[in-house]
Structures are given as structure tokens and as C-alpha cells.
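Just below is one structure, and these are the notes that go with it.
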Amino acid sequence: MSEPFLVLSNIDAGYGKKQVLFDVSLAIDKGQIVSLIGHNGAGKTTLLRTIFGHIGPSRGRVSMGGANIDRWSMPERVQHHLTYIPQEQFVFRDLSVQENLALSGYVLRDRNDYEDRLAACFDFLPVLKERRNQRAGTLSGGQQRMLSLGMVMISRPKMLLLDEPSLGLAPSLVDQAMELLQDMAKKFGMTVLLVEQNVKKAFAVANHVYVLRAGRLIAERSGGELSSHDELWDLF
315 MSEPFLVLSN IDAGYGKKQV LFDVSLAIDK GQIVSLIGHN GAGKTTLLRT IFGHIGPSRG
375 RVSMGGANID RWSMPERVQH HLTYIPQEQF VFRDLSVQEN LALSGYVLRD RNDYEDRLAA
435 CFDFLPVLKE RRNQRAGTLS GGQQRMLSLG MVMISRPKML LLDEPSLGLA PSLVDQAMEL
495 LQDMAKKFGM TVLLVEQNVK KAFAVANHVY VLRAGRLIAE RSGGELSSHD ELWDLF
């Protein structure tokens with residue numbers, strides 16, 4: 315059995331003297347989608363920021379692909395194919411849609427590879443093709459969120475940290491975003507840690523679910539162990 319791709323061991327973290335996370339440990343296998351759920355203020359975003367290197371843990375270890383990444387800078391984590399999409403819109407507002415997508419493919423050496431990925435992105439997200447010459451900052455919040463996912467389609471990171479992807483999206487686009495995550499995990503072996511307030515959607519898309527309350531993991535379940543939205547919330 316292979317080792318998990320992302321492992322957090324006994325993480326304490328916070329902001330200055332304010333501790334937010336307490337002894338958090340979790341493991342995610344390669345190609346899995348794992349959902350992290352919890353009420354506002356539970357520490358979900360802090361956990362993503364700790365993994366990405368925005369916040370240094372005061373205790374514990376973060377490893378990815380078998381390497382201890384605690385001392386890596388954020389650029390080093392990006393170079394090793396870790397991507398974080400925060401709740402705030404993760405786009406270059408003064409650039410066009412197509413320029414944003416081109417930047418996400420800058421590491422690709424083969425121009426044909428980029429063109430193939432761009433075509434696939436436009437096929438799955440036609441709104442981006444329709445608005446490819448529009449400045450990203452003039453898109454709606456939901457369209458900017460879809461653009462950030464389109465950028466992921468092109469860059470194809472090994473590990474994606476995604477905070478509230480349904481934020482600002484119409485229900486039909488939420489379904490499309492979740493379908494896209496499942497497709498990328500299946501086709502490219504992308505590993506995803508998803509923070510999502512829409513518990514029903516978070517569970518439907520996930521291979522595994524962790525529940526965070528007041529900075530501590532209080533429960534976890536795999537796919538077949540929970541079947542309803544109500545049962546998930548009963549764990550809080």
C-alpha cells in the first residue's frame with residue numbers, strides 16, 4: 315500500500331498568540347478528494363493556509379509526496395505543484411481571461427500541450443471562451459471563480475487546496491465545479507483538499523470527510539459511512 319500523498323502530523327497553528335488549530339493530524343491519498351467541513355471560525359481556512367505556508371505551524375509537521383515541506387517557502391511549494399485557491403478571487407484582475415489562462419500554463423514546455431489544455435478548458439467552461447478577451451476584474455464573482463478553476467485545469471497541480479469553491483456560484487455552476495474536480499482527480503491523479511460550507515455537496519464529491527470544530531478534528535468518515543446531510547451536521 316502506497317504512502318498518503320499529504321500528511322499533517324499533530325499540527326498546532328494560529329496567528330501570533332491566538333492559537334487556532336490544536337493537534338490536527340490527517341492523511342490524504344494521491345488522487346483523492348477530501349472535504350473538510352465545519353462551522354465558520356472552526357479553523358478550516360487556517361488549516362489550508364498552514365499547508366500552503368502562509369502560516370508556520372508552532373508544532374507538528376506537514377509532508378507532501380514523502381517530503382517534509384515545513385521549511386519550504388510558498389514559491390517552493392508552488393514549484394512542487396501545490397496550488398491554493400482562497401475564498402478571495404484568485405485571478406489577475408487587470409489581465410484578460412485568456413492572459414490569466416496563459417499564465418497558468420507558463421511552466422508547460424510544449425506549446426501544443428498548452429493549446430490542448432486550453433481547448434479542453436474552453437470545452438468544459440464555455441463562458442471562459444465567450445469572454446476570453448474580457449478583463450478578469452470585470453467578470454462576476456462566479457465567473458472569476460470558474461476562471462480560477464480553468465487555470466487549475468491548465469496547470470494541473472499535484473495537490474490543490476480549495477477554499478469555498480461554491481461561493482458566489484449559481485447552483486448549476488456549483489454542480490459543474492464539483493464535476494470538474496472529480497474529473498481532474500480521476501484523469502490526472504490530482505489530490506484535492508476541499509473546504510466547503512455546502513455540506514451536501516462537500517460530501518457528495520469526496521472520498522473522505524473530516525469534521526473540524528474549534529480547531530480540532532472531531533470526526534472523519536469515508537464515502538459509504540455517511541449518507542445524509544443531516545447526519546453530517548449531527549457530528550458538530
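So in this note's numbering, spot 14 of the sequence shown is number 328, and the numbers just go up one at a time.
Glycine included, every Cβ here is placed at the ideal spot set by N, Cα and C.
- Annotation for Gly455: the continuous alpha helix (DSSP H) segment containing it runs Gly455 to Ser469.
- Taken through DSSP and simplified to helix, strand or coil, Gln393 comes out as helix.
- Counting the other CB atoms within 10 Å of its CB gives Met465 a total of 16 or more, which places it among the buried residues.
- For Asp497, there is no enclosing beta strand (DSSP E); the residue is found in the alpha helix (DSSP H) stretching over Pro485 to Phe502.
- Of the residues assessed, Asn414 falls on the buried side of the cut-off, its CB having 16 or more other CB atoms within 10 angstroms.
- Annotation: the continuous alpha helix (DSSP H) that includes Leu432 extends over Arg425 to Phe438.
- Gln496 places its beta carbon less than 7 Å from that of Val519.
- By the beta-carbon neighbour count (other beta carbons within 10 angstroms, threshold 16), His522 is buried.
- Rounded to whole angstroms, the Cβ separation of Gln401 and Leu481 is 6 Å, and the two are in contact under 8 Å.
- Looking at the DSSP output, Arg530 shares a beta bridge with Arg527.
- DSSP lists Gln333 as the beta-bridge partner residues of Gly328.
- Considering only Lys358, Lys344 and Gly456, the residue with the shortest C-alpha distance to Leu508 is Lys358.
- Restricting attention to Asn354, Gly352 and Ile325, the CA atom closest to the CA of Leu340 is found in Ile325.
- Bounds of the beta strand (DSSP E) holding Ser377 are Arg373 to Met378.
- Nearest in C-alpha terms to Cys435, of all of Arg425, Met460, Leu453 and Leu422, is Met460.
- By the criterion of a C-beta distance shorter than 7 Å, Pro471 is surrounded in its chain by His395, Leu396, Thr397 and Met504, once the five residues flanking it on both sides are discounted.
- Here Arg431 has Gly419, Leu422, Met467, Ile468 and Arg470 as same chain residues with Cβ atoms under 8 Å from its own Cβ, once five neighbours each way along the sequence are excluded.
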